[in-house]
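Residue numbers (our numbering), protein chains in the order written: chain D, 8 to 347; chain H, 8 to 347.
Where is the CB? At the ideal position from N, CA and C, for every residue including glycine.
2 protein chains.
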Amino acid sequence: MTDAPSPPARIRNIAELARLAGVSTGTVSRALADKSLVNKETRERIQAIAREHGFRPNQMARRLRVQETKVIGVVVPLGHEQRQHLSDPFFMAILGHLADALTENGYDIMLSRVIPDAEDWLERIVDSGMLDGVLLIGQSNQFEAIERVAKRFRPMVVWGSHVDGQTHCTVGVDNRNGGRLAGECLIQRGCRQIAFLGDVEAIEIGERFRGLCDATDAAGLPRPIELPTHLASDVMADEIAAHIPELLDGVDGIAAASDLIAMHAVRALADHGVKVPDDIAVTGFDDLPLAEQTIPRLTTISQNIAEGARAMVSALFTRLGGDDAPSVEMPPVLVQRDTA
Amino acid sequence: MTDAPSPPARIRNIAELARLAGVSTGTVSRALADKSLVNKETRERIQAIAREHGFRPNQMARRLRVQETKVIGVVVPLGHEQRQHLSDPFFMAILGHLADALTENGYDIMLSRVIPDAEDWLERIVDSGMLDGVLLIGQSNQFEAIERVAKRFRPMVVWGSHVDGQTHCTVGVDNRNGGRLAGECLIQRGCRQIAFLGDVEAIEIGERFRGLCDATDAAGLPRPIELPTHLASDVMADEIAAHIPELLDGVDGIAAASDLIAMHAVRALADHGVKVPDDIAVTGFDDLPLAEQTIPRLTTISQNIAEGARAMVSALFTRLGGDDAPSVEMPPVLVQRDTA
DNA sequence: TGGTGTTTTGCAATCGATTGTCAAGAACGC
DNA sequence: GCGTTCTTGACAATCGATTGCAAAACACCA
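This is the structure in structure tokens:
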């Protein structure tokens, strides 16, 4: 009996393993699940054979049977983006934290396919039977679709803004207040003409813009100029470059809808010899880990991504347990660094 | 008959739908798959009922039956990292491109769980029965494990370095040559004492270091100093800060193992009044979209992430089709910008 | 030896689809 | 009116596990 194993033949299912062990499939199933119902000796013998042959039970079959998949879908609705590109660092950062929290609890993550033009994209995901729960990162302009599904599918948590009376459970910062904070910061620096870089079609971005308006209104300043800028990094640079003439025309403060947009803007301004923050002050939004590492370091509104991810997962788990979890709204925090 | 639907009762499976339509489950299945075997009229009638009730067949069951999951696992082996954190922007960037390419072809993506301490982490993923194929991003220090699995599991493609005689299929740049390019760039600028920021335990990083040594050897310069720096962004900043004394002690060129490390280094140097590239030149590796947007813009070795992702997916598909796909080694390109 | 109680194990139904096989019915020609 | 061909759809096996139920095996005691 050599101890260097050259597995004779791969075992394909518990039936084969059962034949090999001279027991029934039921016993094998119980043995592999380490149930005390089966005799300790047979149990260990079966486990040994399984190990020796590198056998692992088919998860698809098990999950079909137990009606529990241990898979959570993570989805970014990109309805308002012309191209669907998962490159936004904010999404990636929160995805990382979600992954940590979910895997710690024994769940796998499925990045589900978003069929761009289909009305029922969320229904397809939710009803696929592959997912125990769903996490949405961002609401985009898909409020209706999300509400519709939330009414009958409980284990779903959305990163985004909470609107009065909505059914779906959100976790996120108070975007409007965050926008206000950014505006107040810029105004306090002495900015008079503020520009907003972002796509207000997306609900949470729209809220940030509204908060910014709150700030300029309160200060008796003109409304900020809206300069649509998308989140997809491949078009962002061009869009910002296209906005440069408008920015150079009297704007002295920029509130960007995200840190990435802010970084691109700072770069583009530098290319035109504009000094940040002396000539134009810039604020970001998100407080990515990177925001602290840029030169100049970014003044931004912090979202506390790690805590947000934890809150999402915890809300999802209570919902998976059948209980109700309320929306969570975290306070935005202004992080003042070098750009404003 | 109102056309505003208030679905009477949810249909749970094709059996219920079959009863409702007065046909057998087999017919329903074929009708939903739009097979010409069933009469056009019954087919449309069944589809209408399904639509009306918002019924979607259970994917788990279908996949178990057809033995094809249309799911590709995407995994980052983080064997050499003490904490498993999916925050590296390079990983995220390539994940984004992989997601695009896979979803375009009708595949979903599963971020599989990596059980940190388990020897058989890759076996567990591959044998779970949930995945048609696997993409690994990075080899980390898991060469053995990858080889072992590659010998019997064909549909797997790995981002990383190709070593002579290896079984597993890799796609990646020639890391050694990339390291050499970085070294030559620094040397040509006049750097005499070069430091390497990265964790050489990881295969691809080690190759980059070796290439760097090739360059210093060829120029008759002393070997670069190794300053271990991990990829996890939460510890990276501290590690780099800890390296500062060594960097200020005669080092005039830094080759970083990744763009992120380079950006952190530039930031840390700025904090100590060191000017980049005048006092110390810095090169990155990856050429993230961000590298062009920093101030100063990063000189780096380009990996062409988009093309790499496409190559991985295409190799995976030919392997899924049963054919063999060879490893792909892309030439690294030096992108000279402001930091070196 | 028989009865009772406790472990162990096997049997068979089940999860929800897909699909090969075959029979019933329609259409058609002679 | 009968045989032949073609459609259409029902039946049942299958994918690979889990699990309730009941039978078998064994121990123990009177």
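Closer than 9 Å by beta-carbon distance: list the chain H residues that pair up with residue i, in chain order.
i: V273/D; result: Q300 and I302
i: P338/D; result: By Cβ distance, chain H contributes nothing, its closest Cβ being about 23 Å from P338/D, past 9 Å.
i: P84/D; result: Under the 9 Å cutoff, chain H gives no residues; its nearest Cβ is about 14 Å from P84/D.
Who does residue i pair with in a DSSP beta bridge?
i: E233/D; result: F203/D
i: G179/D; result: E336/D
i: I308/H; result: L341/H
i: L142/H; result: V81/H and V164/H
i: I261/D; result: A202/D and V289/D
i: I116/D; result: I79/D and L118/H
Taking residue i as the query, report the chain D residues whose CB atoms sit under 7 Å from its CB, ordered along the chain.
i: M137/H; result: Q66 and M67
i: A277/H; result: I302
i: M319/H; result: Correct list: empty, because the minimum Cβ distance to chain D is about 16 Å.
i: L71/H; result: M67, A68 and L71
i: P252/H; result: Simply none; closest approach about 20 Å.
Quick check: residue i and residue j, are their CB atoms within less than 9 Å of each other?
i: G179/D; j: W166/D; result: yes
i: I194/H; j: T223/H; result: yes
i: C198/D; j: A272/D; result: no
i: L188/H; j: I308/H; result: yes
i: I247/H; j: I232/H; result: no
i: L129/H; j: V156/H; result: yes
i: S147/H; j: L85/H; result: yes
i: I53/H; j: T76/H; result: no
i: T236/H; j: A264/H; result: yes
i: I116/D; j: V81/D; result: yes
i: R63/H; j: G136/D; result: yes
i: F292/D; j: R215/D; result: yes
i: T49/D; j: A38/D; result: yes
i: G145/D; j: E211/D; result: yes
i: R196/H; j: A298/H; result: no
i: Q173/H; j: V258/H; result: no
i: R317/H; j: A108/H; result: yes
i: P338/H; j: D221/H; result: no
i: G218/H; j: G190/H; result: yes
i: R230/D; j: I302/H; result: no
i: D206/D; j: L238/D; result: yes
i: G333/H; j: D241/D; result: The residue asked about is misnamed: residue 333/H is Pro in this sequence, not Gly. No, the pair does not count as a contact, with Cβ atoms beyond the cut-off.
i: E111/D; j: A152/D; result: no
i: L118/H; j: L118/D; result: yes
Kindly give me the distance between the Cβ atoms of residue i and residue j, rounded to whole angstroms, as I take these residues to be in contact under 8 Å.
i: A22/H; j: C176/H; result: The Cβ separation is near 43 Å, so there is no contact.
i: P162/D; j: R326/D; result: 5 Å
i: H60/D; j: I18/D; result: 5 Å
i: E336/D; j: H104/D; result: In fact, because the Cβ distance is near 18 Å, the residues do not count as touching under 8 Å.
i: L234/D; j: A202/D; result: 6 Å
i: M99/H; j: Q300/D; result: At roughly 16 Å, the Cβ-Cβ gap does not stay under 8 Å, so M99/H and Q300/D are not in contact.
i: Q343/D; j: C192/D; result: 7 Å
i: L71/D; j: A16/H; result: Not a contact, Cβ separation roughly 23 Å.
i: D345/D; j: P284/D; result: 7 Å
i: D294/H; j: D266/H; result: 7 Å
i: V121/D; j: F160/D; result: With a Cβ gap of about 16 Å, V121/D and F160/D do not count as contacting.
i: I79/D; j: L142/D; result: 6 Å
So residue i contacts chain D; which residues on that side make the cut at Cβ distance below 8 Å?
i: E51/H; result: Ordered by position in chain D, no residue passes the 8 Å Cβ test against E51/H, which lies about 19 Å from the chain.
i: E130/H; result: G61 and R63
i: T76/H; result: M67
i: P229/H; result: Those do not exist, as P229/H stays about 29 Å from chain D at its closest Cβ, beyond 8 Å.
Please list, in chain order, the chain H residues whose beta carbon lies closer than 7 Å to that of residue i.
i: S348/D; result: Within the shown structure, residues of chain D are numbered from 8 to 347, placing residue 348/D beyond reach of any answer.
i: M2/D; result: This structure cannot settle anything about residue 2/D, because the visible part of chain D is limited to 8 through 347.
i: D266/D; result: Within chain H, no residue comes near D266/D; the closest Cβ sits about 11 Å away, beyond 7 Å.
Can you list the residues of chain H that residue i reaches, using a CB-CB cut of under 8 Å?
i: P284/D; result: Those do not exist, as P284/D stays about 13 Å from chain H at its closest Cβ, beyond 8 Å.
i: D294/D; result: The contacting residues do not exist; D294/D stays about 13 Å from chain H at best.
Which residues in chain D have a C-beta closer than 9 Å to the C-beta of residue i? List them in chain order.
i: D124/H; result: Simply none; closest approach about 14 Å.
* With 7 Å as the limit, tell me which residues of the stretch 149 to 164 of chain D have their beta carbon closer than that to any beta carbon of chain H; keep them in chain order. => Of all residues in the stretch 149 to 164 of chain D, none places a beta-carbon less than 7 Å from a beta-carbon of chain H.
* What are the residues of the stretch 27 to 54 of chain D that lie near chain H, defined by any Cβ-Cβ distance shorter than 8 Å? -> Residues are counted here when their Cβ sits less than 8 Å from a Cβ of chain H; for the stretch 27 to 54 of chain D the count is zero.
* Contacting positions in the stretch 178 to 198 of chain D - beta carbon closer than 8 Å to chain H -> Identification of residues in the stretch 178 to 198 of chain D having a C-beta nearer than 8 Å to some C-beta of chain H yields an empty set.
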